[in-house]
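Notes to accompany the following structure.
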Amino acid sequence: MDHNFSSDNGSQTHFTFFSDFKTNNKVAVTVLETLVMSLVFIVSIFTNISAIILMVKKKRLVTANCFVLNLFCADLLFISMIPFILVIRWTEVWVLGDFICHMHFYIICLSGCVTLISLSAVSLERMISIMKITQATTCNVKVVVCGLLGIWVFSAFTALPMCLFFNVVEQKVNGTVIHICTLVWPNVGEEIAWDVSFIILNFFIPGLIIVVSYTKIFKITKSVRNRLISCTTYPENNQMKVSHRDYKLFRTLFILMISFFIMWTPVAIIVLLLLLQNLHKHVSIPPTVFFWITTLTFSNSVLNPILYNINLFRQKWVHIILCHSVEEIADTETTTKRNENANISHGTF
Numbered sequence: 001m002d003h004n005f006s007s008d009n010g011s012q013t014h015f016t017f018f019s020d021f022k023t024n025n026k027v028a029v030t031v032l033e034t035l036v037m038s039l040v041f042i043v044s045i046f047t048n049i050s051a052i053i054l055m056v057k058k059k060r061l062v063t064a065n066c067f068v069l070n071l072f073c074a075d076l077l078f079i080s081m082i083p084f085i086l087v088i089r090w091t092e093v094w095v096l097g098d099f100i101c102h103m104h105f106y107i108i109c110l111s112g113c114v115t116l117i118s119l120s121a122v123s124l125e126r127m128i129s130i131m132k133i134t135q136a137t138t139c140n141v142k143v144v145v146c147g148l149l150g151i152w153v154f155s156a157f158t159a160l161p162m163c164l165f166f167n168v169v170e171q172k173v174n175g176t177v178i179h180i181c182t183l184v185w186p187n188v189g190e191e192i193a194w195d196v197s198f199i200i201l202n203f204f205i206p207g208l209i210i211v212v213s214y215t216k217i218f219k220i221t222k223s224v225r226n227r228l229i230s231c232t233t234y235p236e237n238n239q240m241k242v243s244h245r246d247y248k249l250f251r252t253l254f255i256l257m258i259s260f261f262i263m264w265t266p267v268a269i270i271v272l273l274l275l276l277q278n279l280h281k282h283v284s285i286p287p288t289v290f291f292w293i294t295t296l297t298f299s300n301s302v303l304n305p306i307l308y309n310i311n312l313f314r315q316k317w318v319h320i321i322l323c324h325s326v327e328e329i330a331d332t333e334t335t336t337k338r339n340e341n342a343n344i345s346h347g348t349f
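Per UniProt numbering, the sequence shown starts with residue 1, numbered consecutively.
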């Protein structure tokens, strides 16, 4: 759909993000958008809160679980922005004021960073623990506090330009002056510097940590299992069982990482396309495309708790929460150092 866009001074246009000035089937399209995103919102709230309750009910809360809980909390913060998006889809123009304009995309960006860095922190902690052959029975408070604080401070700092440079501006649409909330960089150089540094610091490096950690973990797990299978002295020992449960944890977290990159990569591509659009005016990104890509990204907040709990626990975790009955959940933490097979483990690692 072609629209005539121009800024208040007639010399520059801005990407409208969630403000979309539809002319055909406006109500029907907006209703569909509202239904889909509302479903994502409701299901995400339920699954993340359920996952948090289920993990808190565990008798042992270990370091890795604390970082996973942080991931679920970041998901809740992330999807809290959905109601504001739906308001703008209906009003089209920005009616939420300057403060929400500054904070809306900042919180989206912040929570996304926290999610990925939390996943990388879990993978790194698991790799270090299993290489040391330690038994994590409780939370290491110092590690958890420093780690969580570092994750949120780092994410808040790197996402800060989203707060500073999102502003409410006037823009002409088909001859009518309206208000939109959009990203206004001081100059193209700063935009390029942030885009590149943000993708490297908040996506590439955490992703590299995850890949390296899981590669090492899978090698260790495979080595342990092969060695134990070939050992006729201990055919049914506890180490084999623990190793299997650890493998399920690693596989689950790996799936979480894959789903994150699948659902967040389109947004990263959009960021680069917006930069390209600023440099080459002939490149145009429809706001509707941006909306549906964002909806896909929000869906990741639904998948995270579902994948984590279904893959690990296999029990009817919703039933556990609603009935308030705490069952003994299978231990999915790091490999236990057993006295009877310490020699085998030591030789493997």
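Ideal placement from N, C-alpha and C gives every residue a C-beta, glycine not left out.
C-beta contact flag for residue i and residue j at 8 angstroms
i    : j    : result
P287 : F18  : yes
M127 : S213 : yes
T302 : V56  : Rather than Thr, the amino acid found at residue 302 in this sequence is Val. Taking 8 angstroms as the Cβ cut-off, V302 and V56 do not qualify as a contacting pair.
V153 : A64  : no
L119 : F260 : yes
F15  : I285 : yes
V144 : C66  : yes
D75  : N309 : no
I79  : I217 : no
L279 : V184 : no
T297 : M263 : yes
Helix, strand or coil at residue i according to DSSP, with G and I counted as helix
i    : result
F18  : coil
W94  : coil
K26  : helix
C34  : Looking at the sequence itself, residue 34 is Thr, so the reference to Cys does not match. If DSSP states are grouped into helix, strand and coil, T34 belongs with the helices.
T13  : coil
V62  : coil
P305 : helix
M81  : coil
P286 : coil
K219 : helix
T332 : Annotation note: pLDDT 38 at T332 (below 50); position unreliable, no value reported.
Q239 : At Q239, the pLDDT of 46 sits below 50, so the modelled position is not reliable; the number obtained from the coordinates is stated separately. Note: Q239 maps to helix in three-state DSSP.
Minimum C-alpha distance to residue i - residue among the options
i    : options                  : result
V289 : S80, V211 and R89        : R89
I108 : L208, T16 and C163       : C163
V173 : S50, V93 and E33         : V93
S299 : N48, T13 and V31         : N48
Y106 : I117, M81 and I269       : M81
V196 : C146, V143 and L274      : L274
T30  : M263, L54, W264 and V87  : V87
I293 : A28, E33 and F21         : E33
L71  : I117, N278 and H102      : I117
E191 : N25, D75 and L272        : L272
C73  : V188, Q277 and I151      : I151
F99  : S155, I53, K58 and C181  : C181
L35  : G97, P83 and S50         : P83
L307 : L276, D20, R251 and G97  : R251
I178 : V95, N24, L296 and K58   : V95
H104 : L77, T91 and L124        : L77
T91  : P266, G207, L276 and D20 : D20
I209 : V141, E125 and V68       : E125
Kindly confirm or deny that the stretch 34-53 and the stretch 193-203 touch, where touching means at least three C-beta pairs closer than 8 angstroms. Contact check between the stretch 34-53 and the stretch 193-203: fewer than three CB pairs, one atom from each, fall below 8 angstroms, which does not count as touching.
Output the residue ranges of the beta strand (DSSP E) runs that lie fully inside the stretch 135-196 and measure 3 residues or longer, sorted by chain position. Entirely contained in the stretch 135-196, the beta strand (DSSP E) runs reaching 3 residues are, in chain order, 166-173 and 176-183.
Any contact of the stretch 249-267 with the stretch 145-164, i.e. 3+ C-beta pairs under 8 angstroms? Two segments are said to touch when three or more pairs of C-beta atoms, one from each, lie closer than 8 angstroms; by this definition the stretch 249-267 does not touch the stretch 145-164.
On the three-pair Cβ rule with 8 angstroms, is the stretch 145-161 touching the stretch 113-121? As far as the Cβ criterion goes, the stretch 145-161 touches the stretch 113-121, which means the pair count is three or higher.
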